[in-house]
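Letter by letter, the sequence shown follows residues -21 to -1, 1 to 739 of mature numbering (1 follows the signal peptide of the UniProt record, and there is no 0).
Idealized CB from N, CA, C, for every residue including glycine.
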Amino acid sequence: MLRVGLTAVLAALVAGSIAPAASAAAAPDSASATAERDLPGNSPNPTGGQDYFVDATNGDDDASGTSPEHAWRTLGKVSATTFQAGDRILLKAGQQWHDEQLWPKGSGSAGKPITISAYGDPRARRPYIAANGKVPSPFRADGTKNPETVGLTGAIVLRNQQYYEIDNVELSNDDDFATNITTGSYVRDGIAVTINADLLPAGADSIMDHFRISNVYVHDLDGPSTWQKIHYGGVSFQVFGEKSYKEYGTGGYYFKDVRIEDNTFDKVELHAVQFAFNWFNADGRDAGQYDESGKFHEGWEQLWVRTRDLYSRDVYIGHNYAESVGQGAIQLANTKNMTVEYNEVNGFLERYDAVSCGLYLWAGADSVMQYNEVYGGPNNEFDGTPWDLEYTNFNVTYQFNYSHDNAAGWMAYMGNSSNSVARYNLSVNDNGVLVKNMLSTNYSPTYFVNNTFVYDGADLDTFHDETFLSPVYFLNNIFYNTSKTDSTPWYRRTGALRHAVFSNNDFYEASGQHSDQEPADPNKLRVDPRFVGDPAKYVTGAGVDRIRKAAAHFKLRGDSPLIDAGRYNPHLGTEDFLGTHIYYGDAPDIGIAEHRRGQKVDNPVDENPIEEEPGDDRENLALGKPVTASSTHPGANGTLGAVNLTDGDPATRWAAADDAAYPITLDVDFGADTTFDEVYLDEYTDSGTNPRVQSFELRRWDAATGAWVTFASGDRGIGHDLSVTGFGDITTPKLRVALTAQIATEQYTPTLTEIAVHNG
């Protein structure tokens, strides 16, 4: 394997550098990289603003600060100064500031940002701010967040300020590099950029615009391994507000036009880059709300960010390297129009005792994660994967990413999202759960298309560990099991793949033995893909700028049976991992790379939409029939009615009122005598909703006696996809589903998605 490039270079350069703050060594590549370019502070200010110089050795705070010969000495002097648009704060290369924090006052303006950068010898070490943990606590004595001090926890701090550019500095924020903090309340950032809604004057701008953070080296940020409900990390953007989100305005309180690129992070807590988590007193059910489909969202799911237009926007995070991160390395939220690309994560969740993932977006929209490489993840039962299709995402795509050697698996998949797509990604030895979780139904189907999975079936937990709750499409993927002894374990729960649709996938088992659990796929292949490279010699260490080298290892040879063996769907996009147009020939290829063989199809059209293929083609005799419920929940703007039980849509549901009396009855009126021999029932579940029905009865209406007659019953619950049969042919004009008892451990009353009736 290739184990060179940025990973090895960084390891060599920092091998002795993570020393106590008093003698911290030089940042990685500080001499070689800066020798090729001059430092910004050595050139005239391009905005025409005033330059201020800071020299920790020869400076004097009583000097003017306006030239290297009359530089200031301390960061305290800088922090006590209000700067004007276009000004630059220039720290001298090779100098160190210990036990100090930099918080300049003032904001820049369009075309005239305030800059924090370096001047002096470009061969010297970056100017180094070692805050040594000497930052305010964001907590009150009782442990609650202090609105006066939240966000003031960085080596560099900006609060309710905008138009800033920060580059060519080194930062740390720990008082003991050798000892890992595991308890207590410590929040320590490298760069902390915050909007504090409680401290904005009336009528002030609540949208903070234009931030550039580049060529910054952040290392040794330490904090406890327990959740404190405040995020912190190498670069952290957050919005704080002590009151309920309902008490703040709409259409504000966000960041705009942000670029975080070409930075290095090593041994940081909790994150390398963390973006725009909003904690507007949004915990618990009281802070929740219903969406347009009637689905309830707890406050922490942050649907309110969407409905109140609080998304940060126009954000670029690229070409960053992160190593040895305590929790999730690049953890993003509440943002739209975001591109996250060419980031490399080497180790995450290394010191934190709860769940997270390597690189992901939560409660975001219209964003793309691409050309990222993540490896070295933990063996974690919950999440722990490199990627995550998270809650309340709308139009989020993961494409052209490379993950390998992550023990928890490949992709966490939480649900409550719309138009989630994972395409043309490469996964090697992510031997946990390939598609992990799914705790809620989605707004619209999710697509996993043209991915290549290479894994060891003897080490793999399962392909999927829970139960898909709404439609998920798997098209043109390669499932390559290298084990010569164990076939792929596809699931651990009965009915786990009931909403998963597989088509045109290749299922290769090196052992030659295929599992009985292998998904149904009418166009499946079971052949060796014939990759151009040996799967056992996959590429590592080449760095994200050469990520296509790793992908090219898994191109198909010219004699591969997977060429032209896929099917087109618009969710494939327009190009493959290597930048090749989709598609050439009679059909797209299977896997991450398209062969340029055959005629180029310039404007593909899906003439056979998989979404329109019939599933169970039996007639549902209850479809569209009126339903009368003895109890209906009044919430969700009246969207939880019994009409949803016969609409044929598993994403809609009926719910009983909280005070419903048992038996709760659901009466389907066929309008005439109808004969059937099967009744299908399905309960609604999501991350906070378990199956709730313990027992039920099925009853027919006997017109002769004017009474309901029981013909079937069950006392082991309903759950998902319960088909009740064995009662022979029933002919009746009405069907009653009577829910007779609730599971003893459940607090709330039942909620169902579907009642279907079949004959034969």
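Of E598, G552, S303, the smallest CA-CA separation from P583 is found for G552. Note that the C-beta distance between G267 and F275 is below 8 Å.
Annotated as proximal: T431 and F533, with beta-carbon spacing under 8 Å. Here F32 is not near S22, since their CB atoms are 8 Å or more apart. By a beta-carbon distance limit of 8 Å, S396 does not contact L413. Their separation comes to about 18 Å. Between the alpha carbons of N175 and L677 lies a gap of roughly 57 Å. Between the segment 105 to 123 and the segment 138 to 156, the count of Cβ pairs shorter than 8 Å is three or higher; the stretches touch. Annotated three-state conformation of E360 is coil, per DSSP. In its chain, beyond the 5 residues on either side, I296, M348 have a beta carbon closer than 6 Å to the beta carbon of V319. For I571 against L340, the beta-carbon gap comes to about 22 Å, at or over 8 Å, which does not count as contact.
L81 is positioned such that its CB atom lies no closer than 8 Å to that of N139. If you draw a straight line from the Cα of P357 to the Cα of M417, it comes to about 20 Å. In this structure, D555 lies near Y403, with their beta-carbon atoms less than 8 Å apart. In the pairwise beta carbon analysis, the segment 668 to 685 is classified as touching the segment 704 to 718: at least three pairs are separated by under 8 Å. Using a Cβ distance threshold of 8 Å, K56 and D34 do not count as a contacting pair. In the structure shown, the three-state DSSP call for N421 is coil.
Straight-line measurement puts the Cα of K222 at about 35 Å from the Cα of K415.
When DSSP reads this structure, K315 sits in a beta bridge with R292, A344. The residues V506, in chain order, have a CB closer than 6 Å to that of P540 in the same chain once the five nearest residues on each side in sequence are set aside.
Taking a contact to require three or more Cβ pairs closer than 8 Å, the segment 624 to 642 and the segment 687 to 698 do not qualify as touching. For G603, the three-state secondary structure derived from DSSP is coil.
The beta carbons of F259 and G220 sit closer together than 8 Å. In this structure, A251 and G212 form a Cβ contact; the two beta carbons are roughly 6 Å apart against a cut-off of 8 Å.
Secondary structure in the segment 509 to 571: the alpha helix (DSSP H) runs of 4 residues or longer, each lying completely within the stretch, are 526 to 531 in chain order.
E586 carries a coil assignment under DSSP once its states are collapsed to helix, strand and coil. For T644, the uninterrupted beta strand (DSSP E) segment begins and ends at 643 to 655. Restricting attention to E240, G228, T128, P450, the CA atom closest to the CA of V195 is found in E240. Judged by pairs of C-beta atoms under 8 Å, the segment 642 to 662 touches the segment 697 to 708, as three or more such pairs exist. Counting other Cβ atoms within 10 Å of its Cβ, A529 reaches 16 or more and is therefore classed as buried. Annotated three-state conformation of K225 is helix, per DSSP.
In the three-state reduction of the DSSP assignment, V622 falls in the helix class, which pools H, G and I. Between Y350 and F327, the gap from beta carbon to beta carbon reaches 8 Å or more. At the C-beta level, Q141 and G87 come within 8 Å of one another. In this structure the segment 221 to 238 does not lie against the segment 572 to 592, because fewer than three pairs of beta carbons, one per stretch, are closer than 8 Å. Residues S382, N385, G388, W389 of the same chain have their beta carbon placed closer than 6 Å to that of D409, with the five preceding and five following residues left out of the count. In the structure shown, W206 falls within a coil segment according to DSSP collapsed to helix, strand and coil.
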